[in-house]
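Chemist: This is the structure I have questions about; it appears just below.
Residue numbers (the UniProt record's numbering): 1 to 278.
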(Lines of atoms letter the chains of each structure in order from A and count residues from 1; the text may use other names and numbers.)
(Lines give C-alpha, C1' and ligand atoms only; values in the text may rest on other atoms or scores of the structure.)
Protein backbone atom coordinates (compact mmCIF):
# COMPACT_ATOMS: atom_id res chain seq x y z
CA UNK A 1 0.00 0.00 0.00
CA UNK A 2 2.78 2.39 0.95
CA UNK A 3 4.61 1.65 -2.28
CA UNK A 4 1.56 2.54 -4.37
CA UNK A 5 1.08 5.83 -2.56
CA UNK A 6 4.68 6.83 -3.18
CA UNK A 7 4.40 5.89 -6.82
CA UNK A 8 1.23 7.92 -7.14
CA UNK A 9 2.86 10.91 -5.50
CA UNK A 10 5.79 10.74 -7.87
CA UNK A 11 3.51 10.41 -10.83
CA UNK A 12 1.44 13.40 -9.75
CA UNK A 13 4.57 15.53 -9.28
CA UNK A 14 5.87 14.54 -12.69
CA UNK A 15 2.58 15.45 -14.33
CA UNK A 16 2.62 18.86 -12.68
CA UNK A 17 6.23 19.64 -13.65
CA UNK A 18 6.12 18.37 -17.23
CA UNK A 19 3.86 19.13 -20.14
CA UNK A 20 1.35 16.39 -20.97
CA UNK A 21 2.56 13.90 -23.58
CA UNK A 22 -0.23 15.02 -25.87
CA UNK A 23 0.94 18.64 -25.76
CA UNK A 24 2.79 19.90 -28.82
CA UNK A 25 6.19 21.30 -27.79
CA UNK A 26 6.92 24.83 -29.04
CA UNK A 27 8.79 24.82 -32.30
CA UNK A 28 12.19 26.43 -32.34
CA UNK A 29 15.70 26.32 -33.70
CA UNK A 30 17.82 23.70 -31.89
CA UNK A 31 20.34 25.22 -29.48
CA UNK A 32 23.82 24.80 -30.96
CA UNK A 33 26.86 23.51 -29.11
CA UNK A 34 28.62 26.87 -29.39
CA UNK A 35 30.80 26.41 -32.45
CA UNK A 36 30.31 30.03 -33.54
CA UNK A 37 32.40 31.34 -30.63
CA UNK A 38 35.55 31.35 -32.77
CA UNK A 39 34.06 32.78 -35.96
CA UNK A 40 35.95 35.79 -37.36
CA UNK A 41 34.42 39.17 -36.49
CA UNK A 42 33.07 41.41 -39.21
CA UNK A 43 34.65 44.84 -39.64
CA UNK A 44 31.68 46.55 -37.96
CA UNK A 45 31.94 44.21 -34.96
CA UNK A 46 35.65 44.94 -34.64
CA UNK A 47 34.88 48.68 -34.65
CA UNK A 48 32.16 48.23 -32.00
CA UNK A 49 34.58 46.27 -29.80
CA UNK A 50 37.28 48.93 -30.15
CA UNK A 51 34.83 51.73 -29.30
CA UNK A 52 33.82 49.88 -26.14
CA UNK A 53 37.46 49.36 -25.22
CA UNK A 54 38.10 53.08 -25.71
CA UNK A 55 35.15 53.95 -23.45
CA UNK A 56 36.37 51.74 -20.61
CA UNK A 57 40.03 52.73 -21.05
CA UNK A 58 39.14 56.43 -20.80
CA UNK A 59 36.79 55.84 -17.85
CA UNK A 60 33.90 57.52 -19.66
CA UNK A 61 30.45 57.57 -18.05
CA UNK A 62 26.86 57.79 -19.39
CA UNK A 63 26.34 61.09 -21.20
CA UNK A 64 30.01 61.65 -22.00
CA UNK A 65 30.69 62.47 -25.64
CA UNK A 66 32.71 60.28 -27.99
CA UNK A 67 35.08 61.55 -30.70
CA UNK A 68 33.64 62.84 -33.95
CA UNK A 69 33.17 60.60 -36.95
CA UNK A 70 36.25 62.07 -38.63
CA UNK A 71 38.37 61.41 -35.55
CA UNK A 72 37.13 57.84 -35.21
CA UNK A 73 37.72 57.11 -38.90
CA UNK A 74 41.33 58.11 -38.40
CA UNK A 75 41.64 56.36 -35.03
CA UNK A 76 40.25 52.99 -36.12
CA UNK A 77 41.36 53.02 -39.77
CA UNK A 78 38.09 51.69 -41.18
CA UNK A 79 35.61 52.76 -43.81
CA UNK A 80 32.80 55.18 -43.00
CA UNK A 81 30.30 52.39 -43.70
CA UNK A 82 31.97 50.00 -41.20
CA UNK A 83 32.22 52.73 -38.56
CA UNK A 84 28.56 53.70 -38.85
CA UNK A 85 27.45 50.06 -38.80
CA UNK A 86 29.56 49.44 -35.71
CA UNK A 87 28.05 52.44 -33.95
CA UNK A 88 24.57 51.25 -34.87
CA UNK A 89 25.34 47.87 -33.27
CA UNK A 90 26.23 49.65 -30.03
CA UNK A 91 23.23 51.98 -30.26
CA UNK A 92 20.80 49.06 -30.59
CA UNK A 93 22.28 47.58 -27.39
CA UNK A 94 21.91 50.90 -25.55
CA UNK A 95 25.68 51.18 -25.07
CA UNK A 96 25.76 54.50 -26.91
CA UNK A 97 23.18 56.94 -28.17
CA UNK A 98 23.42 59.22 -31.20
CA UNK A 99 22.45 62.84 -30.71
CA UNK A 100 21.08 64.35 -33.91
CA UNK A 101 21.52 67.86 -35.21
CA UNK A 102 24.23 70.51 -34.71
CA UNK A 103 26.61 69.66 -31.90
CA UNK A 104 25.33 66.09 -31.87
CA UNK A 105 27.20 62.84 -32.21
CA UNK A 106 27.72 59.63 -30.27
CA UNK A 107 27.56 59.70 -26.46
CA UNK A 108 28.10 56.94 -23.91
CA UNK A 109 24.94 55.05 -22.96
CA UNK A 110 24.19 52.83 -19.99
CA UNK A 111 24.85 49.26 -18.90
CA UNK A 112 21.26 48.07 -18.46
CA UNK A 113 20.03 44.52 -17.96
CA UNK A 114 16.85 45.49 -19.85
CA UNK A 115 18.89 45.89 -23.05
CA UNK A 116 20.53 42.54 -22.45
CA UNK A 117 17.06 41.09 -21.85
CA UNK A 118 15.86 42.27 -25.26
CA UNK A 119 18.66 40.36 -26.95
CA UNK A 120 18.12 37.31 -24.75
CA UNK A 121 14.40 37.35 -25.55
CA UNK A 122 15.24 37.10 -29.24
CA UNK A 123 17.34 33.99 -28.61
CA UNK A 124 14.72 32.51 -26.27
CA UNK A 125 12.06 33.07 -28.93
CA UNK A 126 14.09 31.44 -31.70
CA UNK A 127 14.91 28.48 -29.45
CA UNK A 128 11.24 27.99 -28.60
CA UNK A 129 11.76 28.62 -24.87
CA UNK A 130 8.43 29.08 -23.07
CA UNK A 131 7.25 31.61 -20.50
CA UNK A 132 6.92 28.73 -18.08
CA UNK A 133 10.64 28.06 -18.47
CA UNK A 134 11.42 31.76 -18.16
CA UNK A 135 9.42 32.04 -14.91
CA UNK A 136 11.31 29.02 -13.57
CA UNK A 137 14.65 30.64 -14.43
CA UNK A 138 13.50 33.95 -12.91
CA UNK A 139 12.55 32.40 -9.57
CA UNK A 140 15.87 30.55 -9.39
CA UNK A 141 17.84 33.66 -10.35
CA UNK A 142 16.16 36.09 -7.96
CA UNK A 143 16.31 33.63 -5.07
CA UNK A 144 20.02 33.18 -5.70
CA UNK A 145 20.55 36.95 -5.78
CA UNK A 146 18.66 37.36 -2.50
CA UNK A 147 20.85 34.69 -0.88
CA UNK A 148 24.01 36.39 -2.15
CA UNK A 149 22.77 39.82 -1.03
CA UNK A 150 22.29 38.56 2.52
CA UNK A 151 25.81 37.12 2.39
CA UNK A 152 27.34 40.49 1.46
CA UNK A 153 30.00 41.03 4.15
CA UNK A 154 29.33 44.78 4.40
CA UNK A 155 26.53 44.95 6.99
CA UNK A 156 26.38 48.76 6.83
CA UNK A 157 25.91 48.64 3.05
CA UNK A 158 23.16 46.02 3.35
CA UNK A 159 21.29 48.26 5.79
CA UNK A 160 21.81 51.37 3.68
CA UNK A 161 20.55 49.80 0.43
CA UNK A 162 17.55 48.10 2.05
CA UNK A 163 16.58 51.09 4.25
CA UNK A 164 14.02 52.56 1.77
CA UNK A 165 12.19 49.22 1.66
CA UNK A 166 12.24 48.76 5.41
CA UNK A 167 10.62 52.18 5.90
CA UNK A 168 8.07 51.51 3.17
CA UNK A 169 8.31 55.10 1.97
CA UNK A 170 9.64 54.27 -1.48
CA UNK A 171 6.69 51.98 -2.24
CA UNK A 172 4.00 53.57 -0.09
CA UNK A 173 1.74 54.65 -2.95
CA UNK A 174 0.21 52.54 -5.68
CA UNK A 175 1.13 54.65 -8.71
CA UNK A 176 -1.65 55.18 -11.24
CA UNK A 177 0.79 54.76 -14.16
CA UNK A 178 1.50 51.03 -14.59
CA UNK A 179 4.87 51.66 -16.28
CA UNK A 180 6.02 53.81 -13.38
CA UNK A 181 4.72 51.26 -10.89
CA UNK A 182 6.48 48.33 -12.56
CA UNK A 183 9.71 50.34 -12.73
CA UNK A 184 9.44 51.02 -9.00
CA UNK A 185 8.80 47.37 -8.25
CA UNK A 186 11.81 46.43 -10.34
CA UNK A 187 13.84 48.91 -8.32
CA UNK A 188 13.67 46.64 -5.28
CA UNK A 189 14.96 43.65 -7.23
CA UNK A 190 17.67 45.83 -8.74
CA UNK A 191 18.76 46.88 -5.25
CA UNK A 192 18.93 43.26 -4.14
CA UNK A 193 20.97 42.27 -7.19
CA UNK A 194 23.40 45.12 -6.55
CA UNK A 195 24.13 43.73 -3.09
CA UNK A 196 24.88 40.30 -4.55
CA UNK A 197 28.35 41.56 -5.40
CA UNK A 198 28.66 39.79 -8.75
CA UNK A 199 28.14 42.00 -11.79
CA UNK A 200 27.76 39.04 -14.15
CA UNK A 201 24.88 37.66 -12.09
CA UNK A 202 23.48 41.15 -11.60
CA UNK A 203 23.21 41.71 -15.35
CA UNK A 204 22.26 38.26 -16.61
CA UNK A 205 19.91 37.22 -13.79
CA UNK A 206 18.12 40.56 -13.70
CA UNK A 207 17.49 40.35 -17.44
CA UNK A 208 14.98 37.54 -16.83
CA UNK A 209 12.91 39.82 -14.62
CA UNK A 210 13.13 42.66 -17.14
CA UNK A 211 11.74 40.45 -19.90
CA UNK A 212 8.88 39.23 -17.71
CA UNK A 213 8.09 42.72 -16.42
CA UNK A 214 7.63 43.89 -19.99
CA UNK A 215 5.44 41.01 -21.12
CA UNK A 216 3.30 40.52 -18.02
CA UNK A 217 2.48 44.23 -17.93
CA UNK A 218 0.62 43.74 -21.21
CA UNK A 219 -1.65 40.96 -19.90
CA UNK A 220 -2.02 41.60 -16.17
CA UNK A 221 -1.78 44.26 -13.50
CA UNK A 222 0.63 43.46 -10.69
CA UNK A 223 -0.85 46.39 -8.71
CA UNK A 224 -3.56 43.97 -7.61
CA UNK A 225 -0.94 42.62 -5.21
CA UNK A 226 0.39 46.04 -4.18
CA UNK A 227 -0.02 45.70 -0.42
CA UNK A 228 1.29 42.13 -0.38
CA UNK A 229 4.26 43.01 -2.57
CA UNK A 230 5.27 45.87 -0.26
CA UNK A 231 4.98 43.56 2.75
CA UNK A 232 7.09 40.92 1.01
CA UNK A 233 9.75 43.45 0.08
CA UNK A 234 9.93 44.57 3.70
CA UNK A 235 10.37 40.99 4.92
CA UNK A 236 13.05 40.18 2.35
CA UNK A 237 14.84 43.45 3.05
CA UNK A 238 14.87 42.74 6.77
CA UNK A 239 16.40 39.27 6.47
CA UNK A 240 18.99 40.60 4.02
CA UNK A 241 19.94 43.23 6.61
CA UNK A 242 20.05 40.48 9.23
CA UNK A 243 22.34 38.44 6.98
CA UNK A 244 20.09 35.36 6.93
CA UNK A 245 20.91 34.01 3.48
CA UNK A 246 18.70 30.91 3.35
CA UNK A 247 15.62 32.67 4.71
CA UNK A 248 16.18 35.50 2.20
CA UNK A 249 16.23 32.98 -0.66
CA UNK A 250 13.11 31.22 0.63
CA UNK A 251 11.13 34.43 1.11
CA UNK A 252 12.12 35.66 -2.35
CA UNK A 253 10.96 32.37 -3.87
CA UNK A 254 7.62 32.61 -2.09
CA UNK A 255 7.27 36.26 -3.11
CA UNK A 256 7.83 35.53 -6.81
CA UNK A 257 5.56 32.50 -6.71
CA UNK A 258 2.68 34.82 -5.80
CA UNK A 259 3.46 37.06 -8.76
CA UNK A 260 3.65 33.95 -10.96
CA UNK A 261 0.31 32.69 -9.69
CA UNK A 262 -1.30 36.04 -10.49
CA UNK A 263 -0.12 35.93 -14.08
CA UNK A 264 -0.62 32.20 -14.57
CA UNK A 265 -4.36 32.61 -15.05
CA UNK A 266 -4.01 35.75 -17.17
CA UNK A 267 -1.34 34.31 -19.44
CA UNK A 268 -3.25 31.04 -19.83
CA UNK A 269 -2.02 29.03 -22.82
CA UNK A 270 0.67 31.65 -23.47
CA UNK A 271 2.66 30.06 -20.63
CA UNK A 272 3.37 27.09 -22.86
CA UNK A 273 4.09 29.28 -25.86
CA UNK A 274 7.46 30.74 -26.92
CA UNK A 275 8.81 33.86 -25.24
CA UNK A 276 8.09 36.88 -27.44
CA UNK A 277 10.84 39.15 -28.68
CA UNK A 278 10.71 42.53 -26.93
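By construction, the Cβ of each residue, glycine as well, lies at the ideal position given by its N, Cα and C atoms.
Report, in whole angstroms, the separation of the C-beta atoms of residue 94 and residue 112, which I expect to be a contact under 8 Å.
Modeler: Between residue 112 and residue 94 the Cβ distance is about 6 Å, and since that is below 8 Å, they are a contact.
Chemist: Between 122, 126, 190, 194, which lies nearest to residue 157 when the distance is taken from Cα to Cα?
Modeler: 194
Chemist: Can you find at least 3 beta carbon pairs, one from the stretch 231-238 and one from the stretch 129-136, that sit closer than 8 Å?
Modeler: no
Chemist: In the structure shown, what three-state DSSP assignment does residue 257 receive?
Modeler: helix
Chemist: Straight-line CA distance for residue 253 to residue 263?
Modeler: Distance between the alpha carbons of residue 253 and residue 263: 15 Å.
Chemist: Quick check on residue 92: buried or exposed, where buried means 16 or more other Cβ atoms within 10 Å of its Cβ?
Modeler: Residue 92 should be labelled exposed.
Chemist: Bridge partners for residue 130 per DSSP, in chain order?
Modeler: 274
Chemist: Residue 150 and residue 209: beta carbons closer than 8 Å?
Modeler: No. Outside cutoff.
Chemist: Under 7 Å Cβ to Cβ from residue 29, same chain only, skipping five residues before and after it: list those, please.
Modeler: 126, 127
Chemist: Classify residue 97 as helix, strand or coil using the three-state DSSP reduction.
Modeler: strand
Chemist: Taking the alpha-carbon of residue 198 as reference, which of 239, 152, 162 has the nearest alpha-carbon?
Modeler: Out of 239, 152, 162, 152 has the C-alpha closest to the C-alpha of residue 198.
Chemist: Is residue 243 helix, strand or coil when you go by DSSP?
Modeler: Of the three classes helix, strand and coil, the one that applies to residue 243 here is coil, per DSSP.
Chemist: Quick one: measure Cβ to Cβ for residue 142 and residue 256, integer angstroms, because I've assumed they're closer than 8 Å.
Modeler: 6 Å
Chemist: Out of curiosity, what's the CA-to-CA distance linking residue 192 and residue 34?
Modeler: 32 Å
Chemist: Have a look at the DSSP bridge pairing and note the partners of residue 108.
Modeler: 96
Chemist: Can you give me the Cβ contacts of residue 249 inside the same chain, cut-off strictly under 6 Å, excluding the 5 residues immediately before and after it?
Modeler: 143, 146, 147
Chemist: State the Cα-Cα distance for the pair residue 43 and residue 88, rounded to the nearest angstrom.
Modeler: 13 Å
Chemist: Within a Cβ cutoff of 6 Å, which residues of the same chain sit near residue 162, ignoring the five residues on either side of it in sequence?
Modeler: 237, 240, 241
Chemist: Let me know the secondary structure DSSP gives residue 63 once reduced to three states.
Modeler: coil
Chemist: At the level of alpha carbons, what is the spacing between residue 71 and residue 78?
Modeler: 11 Å
Chemist: Short check: CB of residue 110 to CB of residue 164, under 8 Å?
Modeler: no
Chemist: Which residue from 204, 51, 124 puts its Cα closest to that of residue 32?
Modeler: Here the closest residue by C-alpha is 124.
Chemist: Just verifying my parser: in three-state terms, what is the DSSP assignment at residue 115?
Modeler: helix
Chemist: Check the C-beta distance from residue 66 over to residue 105 and give it rounded, since I have them as a contact under 8 Å.
Modeler: 7 Å
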